[in-house]
Every structure is written in structure tokens, then in C-alpha cells.
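Here the numbering used here = 1-based position in the sequence shown + 107. All residues carry an ideal CB built from backbone N, CA and C; glycine is no exception. Computed from a prediction, not measured in an experiment: that's the story for all the values here.
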Amino acid sequence: MFQADCFEGKRFLITGGSSGMGAHIALSLNALGAEVFALGRDTQKLESKKEQAHNQDNFITITQDMSQFKGLDKTILNLAKEYGSFDGAVLSAGIQQTAPIQSVLSVESATALFDINYFGNLQVLKGLLDKRAKSNEGASFVWISSNASVKAYKGIANYSASKAAINAAVKSIALEIAPKFRLNAISPGFVLTEMIESWKSVYNAQYIDDMDKQYPLGIGSVEKVSPLVCFLLSGDSAWITGQNIVIDGGGSL
């Protein structure tokens, strides 16, 4: 779909780059010639991903806890000043928690989810949009939302709300930053990631099988999502901004 060097000379920042969707996107961009800055809170996992990179010299790892978002915009600004202008970013850092509305953890869950899924990523975006960061004209930013923002599921009201906040913010911010920059969201459905694999007690084989039946095209994989992100970061999507693109194998139909 993409030429091997189509992102040659481009520089992207990826939050949530140590595992799952963020890591796969980071590795995909690196393989397509981009210099990638992968942010994550687990240094060991980041280094493991770097070892898998097609061009390790162009895969820079940065340990960062996204829940500690105060001043994060300044950290990102300083990163741009040190390494140079960015051509975009993928805001992929996120967590998921199940907390029914009657749960004693409901409010605490909402705070934790918004801190990372929304506020942390927002601060990263703010840093890159700062004039002093000198992000390159035409830079494109992709924020990872979820089909839970457009389809109801029991027990994840807080998670759904944190993702719906992304969709609303994307539209408003896209208007603010056009025509110099673009911003879009994508809303994946149920995607098999390392996190899902590690939660065997919740996402057991029976659960996966039942979920697969709810998706006309089956449940997803990171390999099916990354190409859409790469497209939105590329010049081929130059007339697309402010959108939330649902990519869920028909799961929200």
C-alpha cells in the first residue's frame, strides 16, 4: 500500500508507543522511513520495541508516565527544540477500565481514564502545536479514540466518555489549527493487542469467540488499523481533517 520510503525525512511522535496499537504504528512508520519518537511508561518494553525496529537509529524511546500530565506540554516543546520540528503525532496512549455506574470505583475510574486517555494526550498535542515547537506546515495528528464512543457497551461508561471527549475535541481543534495542520481521530473496535492477551481472566477464549461473532468482518488486529493511521499522516489525506473515522469491521452497525 505504501512505498518503502514514503515517510523518509519525516519525524513523528507516538504516545503509548511501548505496546499494543501504538507500538505497531511506531514500528510501521519506522519501517516506512520515518524517524519515530516512542513515548511510554515502561522503559523495558520501549527498548524491546526498539530492537524490533527496521532502523533502530531512527527509533528514539522516551519514558513518560502520561498520567503525570501537568507540564507535559513543556516537555514535548523542549523535545522539539532539541531534536527538531515534527511532522505529526499519533496520540495512542490509553487505558481501559470496567466500572459500572453503581461501582464504588466509578468516580476514581473516570478520573484515571480521563487523565491518560484525554488530558495526557491533549498536553502532548498542545506542546506540538505551540509556535515555538515549529511543527512543520502540513503536519498531521491522529488521536486514537474507540468505537465505544459511538456504540453503547455495559460497564464502560467512563471509558466511553473519555473517548467521546476526544471526538468532540478533534472537531474544535481541527478548526483552530487549519489550514496549517490537520487533526483526525480514528475509532477502532475490539482489537487483539498485548493488553488483551494479558487479561486472560477477562478476555478468555469464550469471550473472544463471542465478541468475534458481533463483528461482521471479525474482530480486529493492529495490522488492520495501522495502515489507516499511516494514510492519515500522509499527504494522500491532505483534504481530511476534523473527522472521526470508525474502523471496526462493522461492529458498530
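- The shortest C-alpha to C-alpha distance from residue 269 to any of 236, 226, 136 and 311 is the one to 226.
- The alpha carbon of residue 161 has as its nearest neighbour, out of 111, 189 and 209, the alpha carbon of 111.
- A straight-line Cα-Cα distance of about 28 Å links residue 273 and residue 108.
- DSSP places residue 142 inside the beta strand (DSSP E), whose first and last residues are 142-147.
- For residue 228, there is no enclosing beta strand (DSSP E); the enclosing alpha helix (DSSP H) covers residues 228-236.
- In the DSSP assignment, residue 214 falls within the alpha helix (DSSP H) that extends over 213-220.
- Within the same chain, no Cβ atom closer than 8 Å to the Cβ of residue 218 is found once the five residues on either side in sequence are excluded.
- Nearest neighbour of residue 338 by Cα position, chosen from 355, 132 and 127, turns out to be 132.
- Cβ neighbours of residue 241 within its own chain (closer than 6 Å, five residues either side excluded): 192.
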